[in-house]
Amino acid sequence: MPRFAPQTPELRPETNRQPTETGGPASRPMHYEYQPQQTVRAQHGSTLRCKTWEAEAALRMLENNLDPAVSLVYDELIVYGGAGRAARNWKEYQTIVKTLTNLEPDETMLVQSGKAVGVLRTWPHAPRVLIANSNLVPAWSTQEHFDELDKLGLMMYGQMTAGSWIYIATQGILQGTYETFAAVADRHFGGTLAGTVTVTAGLGGMSGAQPLAVTMNDGVCLIIEPIDERVRQKVREGYLDEQARDLAHALELCEQYRQARTGWSIGLTGNAATVLPELLKRGYKVDIVTDQTSAHDLMDYLPEGDITAVLHLRADNPTEFRKQALASIMQHCQAIIDLQAAGAVALDYGNNLRGQAEKGGLKVRDDNGQFLYPGFVPAYIRPLFCEGKGPFRWAALSGDPQDILRIDRALLETFPDDKMLARWIEKAQAKVPFIGLPARVCWLGYGEREKFGLVINDLVARGEVSAPIVIGRDHLDCGSVASPNRETEGMLDGSDAVADWPLLNALANCASGADWVSLHNGGGVGIGNSTHSGMVIVATGTPEKAERLKRVLTTDPGMGIFRHADAGYDIAQRVAEERGVQIPGQA
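Residue numbering for the sequence shown follows this note's numbering, starting at 120 and increasing by one per position.
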């Protein structure tokens, strides 16, 4: 049965007043005088505060993003990914809440980098919310220029699902991580990670998925995290099995479970830039090495050294902090390259560690311009993207976990022959805690999303779930992102940096009837390095919503087939032909 993760005391508002773990007083105006007296958590049940379920859903998902059990730093409205916020500051949060509460069924709220800036008269079938986060004119789209605007309170970093209000805690990336490690197992280890040790780093909201994903594939995972409380938090939540006392203890545990061929995860408080070179020095056998620490912004990567001193340095001397962070990133990245040379399977998990190391002068590419170790998308996930597959997710607005379990049963009934899906649901029910609003994620493709969206809508209509269901996805999806160092790395036709596709994705979802649509810059890999869009639609059980679900959940993954067919991928072209996807000019 699913479990609810315990509250995390150090992330509660009364204990994370500035200075916070993000490093001293925030320079940006946060307007703490507007912070609610009661801690923000999503309302449960079937009572509406807004005039439509669509607006109510947006409000509850915004609240859920900020729930201290879900968010990274509640006081600063940081949800995950270093500095990914749900709203620009507490004053603007209150304005967004008030606007959603008063929004008419034919009105649309516009949100510019976490601030409600307008309400338009549109149509009942138009989006209730349109969001743009962190977008800058390309020539000005640098971290430095963004930081200046951020300090002035004119922008905020939305990451991917933080600023689009569809974050569902660590589970949100879990199945994609699980699928990646399953692909690694199939390609390199005979279909299982049993008897292998994976070494990685970072136990934030996203990276915390890695240890559980490895153990769900029966492997041993050693994960390194510089903030001790985050290690303990992930043990409490159930994403991590055990915390080691020190490196010697960690390696002893790794060998114990490697020999037993038992899945187990071990958290080690430390810094990857220190620990990985030490593993090389000791000649320790690592089977897989990756990383998911926040490296897209140098202010979010914690360099080597005493953690208290490091956090003070970040607050007191950002220039020196960035210098030390870059030095540690280069050492960290070089150690991954060296572990690969020693026989480990190495893969980048999309945090721009390689890109930052390259800026610092480290050689991370071969003579042909290819990265010395590949990103997880081109190496393992792109074939799924070519089929229109990606991270499809839903959340129960009722707050009742039984609604998710009912949808789980419906999922298995709808796709009875999908053994990988059945295995995922079995493991998710046993091991994945519900944090905030109960939610689930699974990878579904073109045709499957539409089919299952209608199943969910029918469950709502028949009262088999107790309130409408929010349906969305990660921005990391098959046709919604341009990110040359991650999702679109090494495209077949060289179109890695073409950003037209996520722009078309956002426009197409608006035209098809999504309930809120977002367009962001920089998620996952940092300002100027990616453009991506998000989509959410609410299953309310009505016939009108069934029609919109058909359109949106066909349009959205269809963009992935368009994008990859256009780039010349045979799989995408074949899928388009087999499933009747209309591509002008394709025979």
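The beta-carbon is built from N, C-alpha and C at its ideal position, and this holds for glycine as well.
Treat the numbers as computed from the prediction; the structure is a model and nothing was measured.
Do the CB positions of Ala-288 and Val-159 come within less than 8 Å of each other?
Counted from its first residue, the sequence shown places residue 288 at position 169. Counted from its first residue, the sequence shown places residue 159 at position 40. Result no, Cβ atoms of Ala-288 and Val-159 do not sit closer than 8 Å.
Should the region 468–480 be regarded as contacting the region 440–455, the criterion being three or more beta carbon pairs within less than 8 Å?
With a cut-off of 8 Å, the region 440–455 and the region 468–480 count as touching, because enough Cβ pairs lie within range.
When the distance is taken between beta carbons, is Trp-562 closer than 8 Å to Gly-295?
As a position in the sequence shown, residue 295 is number 176, starting the count at 1. As a position in the sequence shown, residue 562 is number 443, starting the count at 1. Taking C-beta atoms as the reference points, Gly-295 and Trp-562 count as a pair closer than 8 Å.
Helix, strand or coil: which one does DSSP assign to Leu-387?
Along the sequence shown, one-based indexing puts residue 387 at 268. Here DSSP, grouped into helix, strand and coil, assigns Leu-387 to strand.
Taking the beta carbon of His-683 as the centre, do at least 16 other beta carbons fall within 10 Å, making it buried, or is it exposed?
Working through the sequence shown from its first residue, we reach residue 683 at position 564. So His-683 ends up on the buried side.
Can you give me the Cβ contacts of Thr-141 inside the same chain, cut-off strictly under 6 Å, excluding the 5 residues immediately before and after it?
Taking the first residue of the sequence shown as position 1, residue 141 is located at position 22. Only weak support exists for where Thr-141 lies, its pLDDT of 42 falling under 50; the coordinates are left without a value.
Would you say Lys-508 reaches chain B, if we count a Cβ-Cβ gap shorter than 8 Å as a contact?
Here there is only one protein chain, and chain B is not present.
Use the C-beta contact count for Pro-144: other C-beta atoms within 10 angstroms, 16 or more gives buried, fewer gives exposed.
Position 25 of the sequence shown, counting from 1, holds the residue named residue 144. For Pro-144, the predicted model reports a pLDDT of 39, less than 50, meaning its position is unreliable and no value from the coordinates is stated.
Please state whether DSSP places Asn-252 in a helix, a strand or coil.
Numbered from 1 along the sequence shown, position 133 holds the residue referred to as residue 252. In this structure, DSSP gives Asn-252 an extended state, which the three-state scheme calls strand.
Proximal residues to Tyr-153 (C-beta, below 8 Å), its chain only, five neighbours per side dropped:
Against the sequence shown, residue 153 aligns to sequence position 34. If you ignore the 5 residues before and after Tyr-153, its C-beta comes within less than 8 Å of the C-beta of Asn-208, Trp-209, Lys-210, Tyr-212 and Gln-213, all in its own chain and listed in chain order.
Decide yes or no for the touch test of the region 236–247 against the region 192–203: beta carbon pairs closer than 8 Å, at least 3 of them.
Short answer: they don't touch.
Taking the alpha helix (DSSP H) that Val-350 falls in, what are its first and last residues?
Walking along the sequence shown from the start, residue 350 turns up at place 231. Where Val-350 is concerned, the enclosing alpha helix (DSSP H) stretches over 347–356.
Using CA atoms only, rank isn't needed, just tell me which of Asp-527, Leu-556 and Phe-534 is closest to Glu-545.
Along the sequence shown, one-based indexing puts residue 545 at 426. The shortest C-alpha separation from Glu-545 is found at Asp-527.
What's the gap between the Cα of Gly-277 and the Cα of Ile-215?
The residue you call residue 277 lines up with position 158 of the sequence shown. The residue you call residue 215 lines up with position 96 of the sequence shown. Straight-line Cα distance between these residues: approximately 15 Å.
Using three-state DSSP, classify Leu-636 as helix, strand or coil.
Taking the first residue of the sequence shown as 1, we reach residue 636 at position 517. In the sequence as displayed, the identity of residue 636 is Val instead of Leu. Strand.
Since Val-394 and Ala-465 should fall inside the 8 Å C-beta cutoff, what is the C-beta to C-beta distance between them, to a whole number of angstroms?
Taking the first residue of the sequence shown as 1, we reach residue 394 at position 275. Taking the first residue of the sequence shown as 1, we reach residue 465 at position 346. About 16 Å separates the Cβ atoms of Val-394 and Ala-465, ruling out a contact at the 8 Å cut-off.
Quick one: what's got a C-beta closer than 7 Å to Ala-314's C-beta in the same chain, skipping five residues either side?
Numbered from its first residue, the sequence shown carries residue 314 at position 195. Per the sequence shown, residue 314 should be read as Gly rather than Ala. Within the same chain, Gly-314 has close Cβ partners Arg-377 and Arg-380.
Taking the beta strand (DSSP E) that Gln-231 falls in, what are its first and last residues?
In the sequence shown, the residue the question calls residue 231 occupies position 112. 226–231 is the extent of the beta strand (DSSP E) around Gln-231.
Identity of the residue in Gln-411, Glu-608, Asn-221 and Leu-530 nearest Ile-500 by Cα
Locating residue 500 in the sequence shown gives position 381, counting from the first residue. Ranking Gln-411, Glu-608, Asn-221 and Leu-530 by Cα distance to Ile-500 puts Glu-608 first.
So, at 7 Å on beta carbons, what are the nonlocal neighbours of Arg-698 in its own chain, with the 5 sequence-adjacent residues on each side left out?
Numbered from 1 along the sequence shown, position 579 holds the residue referred to as residue 698. The residues are Tyr-565 and Gly-566.
Nearest-angstrom Cβ-Cβ length linking Trp-513 and Tyr-297, presumed shorter than 8 Å:
Taking the first residue of the sequence shown as 1, we reach residue 513 at position 394. Taking the first residue of the sequence shown as 1, we reach residue 297 at position 178. The C-beta separation of Trp-513 from Tyr-297 comes to about 17 Å, leaving the pair out of contact by the 8 Å criterion.
Please classify Ala-258 as buried or exposed, where buried requires at least 16 neighbouring CB atoms within 10 angstroms.
Walking along the sequence shown from the start, residue 258 turns up at place 139. Result: exposed.
Tell me, which residues are paired with Lys-234 by DSSP?
Within the sequence shown, the letter at position 115 stands for residue 234. Under the DSSP definition of a beta bridge, Lys-234 partners with Gln-231.
With DSSP collapsed to three states, give me the class of Val-405.
Along the sequence shown, one-based indexing puts residue 405 at 286. Val-405 falls in the coil class under three-state DSSP.
Distance check for Arg-605 and Pro-422, CA to CA, integer angstroms please.
What you label residue 422 is simply residue 303 of the sequence shown in a count that begins at 1. What you label residue 605 is simply residue 486 of the sequence shown in a count that begins at 1. Spanning the two alpha carbons is a distance of roughly 23 Å.
Secondary structure of Trp-620, DSSP reduced to three states
The residue you call residue 620 lines up with position 501 of the sequence shown. In the structure shown, Trp-620 sits in a helix (DSSP, three-state: H, G or I).
Just the Cα atoms here: how many angstroms apart are Ala-463 and Gly-272?
Taking the sequence shown and counting its residues from 1, the one referred to as residue 463 is at position 344. Taking the sequence shown and counting its residues from 1, the one referred to as residue 272 is at position 153. So the two alpha carbons sit approximately 45 Å from each other.
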